[in-house]
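Counting along the sequence shown from 1, when you hit position 166 you're at 602 in our numbering, and nothing is skipped either side.
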Amino acid sequence: MEGGLPMLNCLLQHTLRSLCSCTDSSNPSKWVYAVFWRILPRNYPPPKWDYGGTALDRSKGNKRNWILVWEDGFCDIYECERAGTGYMKGRFGTDVFFKMSHEVYNYGEGLVGKVAADNSHKWVFKENPNESDPNLISSWNMSIEPQPRAWEFQFNSGIQVGNLIAIH
């Protein structure tokens, strides 16, 4: 988001934070972090066929002209520290979270890029969920798409489930 839009930046940060907020203390299961990836042209300024002075049109041209980059994220550091003796054994923290900020994905390629291009969603599990739903994918047993590098750190640190959601 551009610096001239502080209200949208605040709204995005609030939305990401709310995904990680657990108001029900009887249910300790929650999301530890949330990330918003933005689709941008690979080359800047964008090619003339894409930019008409308003929104960029990803339907024109080749999908290879677009990438997904980290826009904003929220990590519940308190929850990471609290869970340090529990299910995550102190392995997930800001270092693993910030490794993701350096990742760049190709639009339309790989699992992350295809979810964005298809405006779909996928659940990704460390272990096989034993379901036949095509939106449920076991990260380790996935043979169709290679696993993004950052996921190995996340799953090895104790993260069990991820959800990729395209927002149009």
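The beta carbon of each residue, even a glycine, is placed where N, CA and C say it ideally should be.
**Asked** Would you call the segment 501–515 and the segment 539–546 in contact, with 3 or more CB pairs under 8 angstroms?
**Response** Contact holds: three or more Cβ-Cβ distances are below 8 angstroms.
**Asked** Where does G598 sit, in a helix, a strand or coil, going by DSSP?
**Response** In the structure shown, G598 falls within a strand segment according to DSSP collapsed to helix, strand and coil.
**Request:** From the DSSP output, in three-state form, read off H450 for me.
**Result:** In this structure, H450 counts as helix in the three-state DSSP scheme.
**Message:** Would A470 and F534 qualify as a contact pair, given that the criterion is a beta-carbon distance under 8 angstroms?
**Reply:** Taking 8 angstroms as the cut-off, the beta carbon of A470 is found no closer than this to the beta carbon of F534.
**Asked** What's the call for G446, buried or exposed, on a 16-neighbour Cβ count within 10 Å?
**Response** For the sequence presented, residue 446 should be read as Cys rather than Gly. C446 counts as exposed, since fewer than 16 other C-beta atoms from the protein chains shown sit within 10 angstroms of its C-beta.
**Message:** For D531 and V468, what's the separation of their Cα atoms in angstroms?
**Reply:** Between the alpha carbons of D531 and V468 lies a gap of roughly 14 angstroms.
**Request:** State buried or exposed for Y543, treating a residue as buried only when at least 16 other CB atoms are found within 10 Å of its CB.
**Result:** Buried.
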